[in-house]
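Asker: First the structure, which I've put down as structure tokens, then a few questions once you've had a look.
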Amino acid sequence: DAGVIQSPRHEVTEMGQEVTLRCKLISGHNSLFWYRQTMMRGLELLIYFNNNVPIDDSGMPEDRFSAKMPNASFSTLKIQPSEPRDSAVYFCASSPRGGNEQYFGPGTRLTVT
Amino acid sequence: DQQVKQNSPSLSVQEGRISILNCDYTNSMFDYFLWYKKYPAEGPTFLISISSIKDKNEDGRFTVFLNKSAKHLSLHIVPSQPGDSAVYFCAASPRPAGTYKYIFGTGTRLKVLA
Chain A
1 DAGVIQSPRH EVTEMGQEVT LRCKLISGHN SLFWYRQTMM RGLELLIYFN NNVPIDDSGM
61 PEDRFSAKMP NASFSTLKIQ PSEPRDSAVY FCASSPRGGN EQYFGPGTRL TVT
Chain B
1001 DQQVKQNSPS LSVQEGRISI LNCDYTNSMF DYFLWYKKYP AEGPTFLISI SSIKDKNEDG
1061 RFTVFLNKSA KHLSLHIVPS QPGDSAVYFC AASPRPAGTY KYIFGTGTRL KVLA
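In the order they appear, the protein sequences are chains A and B.
Residues 1 to 113 in my numbering are what the first sequence lists, from first letter to last.
Residues 1001 to 1114 in my numbering are what the second sequence lists, from first letter to last.
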């Protein structure tokens, strides 16, 4: 199994631009989590889905952030417009039904200048 | 408001000695705890977990201890090896299943010196 796949691995963009991060779940997993890692706050949960349905988006920082799961195996996290304070590493993770572990992707390092 | 706290940002240990990483939590509803390890440029990987009905769980060189009354857990690595050098995150959840959200700490960077 290829594991959780994230793209792009690195993204550099200018303030005000739209950024879209992508995630492909492990086949058969039904839960999807988006995290943001910063030095100050560690790993913060932004949003998670169960069976394509958003369950908890309380961690999404602002309306500039949105996430979708158009199908059972794919998700996007969009930031529009992006700001320098959004610079961080963004991880997605998936989990199988009834499983106790979350499997993380390699992350997308976002730099907003 | 950090519900899961790792107060030591870094730790250095000699190869062969014991590494002890600590984690404190504030929410008494947390029922399941995990440790993840993260190497540079990679995503975190699951290391070991413990349910609140236990006070110890062991897997090879790794042991997690849970003290519910103190709201404290620790990860012991014995003996430490250079390959253990990584950032370690503790996480907590009110439910054991992976479909529920975890609250992660800020991480402790462990360096094992050869």
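For glycine and all other residues, C-beta sits at the position ideal for the given N, C-alpha and C.
Note that the structure is a prediction, hence the values are computed from the model and not measured.
Along the chain, where does the beta strand (DSSP E) containing M69(A) start, and where does it finish?
Answerer: Start and end: 65-71.
Asker: Is L1021(B) near Y1100(B), with beta carbons less than 7 Å apart?
Answerer: It is not a contact, given that the beta carbons lie outside the stated cut-off.
Asker: Anyone know if the C-beta pair for K24(A) and F65(A) falls short of 7 Å?
Answerer: Result no, Cβ atoms of K24(A) and F65(A) do not sit closer than 7 Å.
Asker: Run through the DSSP bridge pairs and tell me what A88(A) is partnered with.
Answerer: L110(A).
Asker: Are any of the Cβ atoms in chain A nearer than 7 Å to that of P1094(B)?
Answerer: Answer no: the Cβ-Cβ gap between P1094(B) and chain A never drops below 7 Å.
Asker: Tell me whether G1083(B) sits in a helix, a strand or coil according to DSSP, three-state version.
Answerer: Helix, per DSSP.
Asker: If we ignore side chains and look at the alpha-carbon of each, how far apart do I26(A) and G3(A) end up?
Answerer: Cα to Cα, I26(A) sits roughly 5 Å from G3(A).
Asker: Taking Cβ to Cβ, would you say S82(A) is nearer than 7 Å to Q17(A)?
Answerer: Cβ atoms of S82(A) and Q17(A): closer than 7 Å.
Asker: Within the segment 1016-1059 of chain B, note down every full beta strand (DSSP E) run reaching 3 residues or more, in order along the chain.
Answerer: Counting whole runs of 3 or more residues, the segment 1016-1059 of chain B contains the beta strand (DSSP E) stretches 1019-1025, 1032-1038, 1045-1051, 1056-1059.
Asker: Can you tell me whether M69(A) is buried or exposed? The criterion is at least 16 other CB atoms within 10 Å of its CB, across all chains shown.
Answerer: M69(A) is buried by the Cβ-count criterion.
Asker: From the beta carbon of K1101(B), is the nearest beta carbon of chain A less than 7 Å away?
Answerer: Taking Cβ atoms only, chain A reaches closer than 7 Å to K1101(B), which makes this a yes.
Asker: In the DSSP assignment, the beta strand (DSSP E) including T20(A) goes from what residue to what residue?
Answerer: First-last of the beta strand (DSSP E) with T20(A): 19-24.
Asker: Exposed or buried, which one is R36(A) when buried takes at least 16 other CB atoms within 10 Å?
Answerer: R36(A) comes out buried.
Asker: Mind pulling the chain B residues with CB within less than 7 Å of Y48(A)?
Answerer: Result: K1101.
Asker: Provide the residue span of the beta strand (DSSP E) that contains Q1003(B), from first to last.
Answerer: First-last for Q1003(B): undefined, no H or E at that position.
Asker: Quick check: what's the CA-CA separation for Y1025(B) versus L1073(B)?
Answerer: Spanning the two alpha carbons is a distance of roughly 8 Å.
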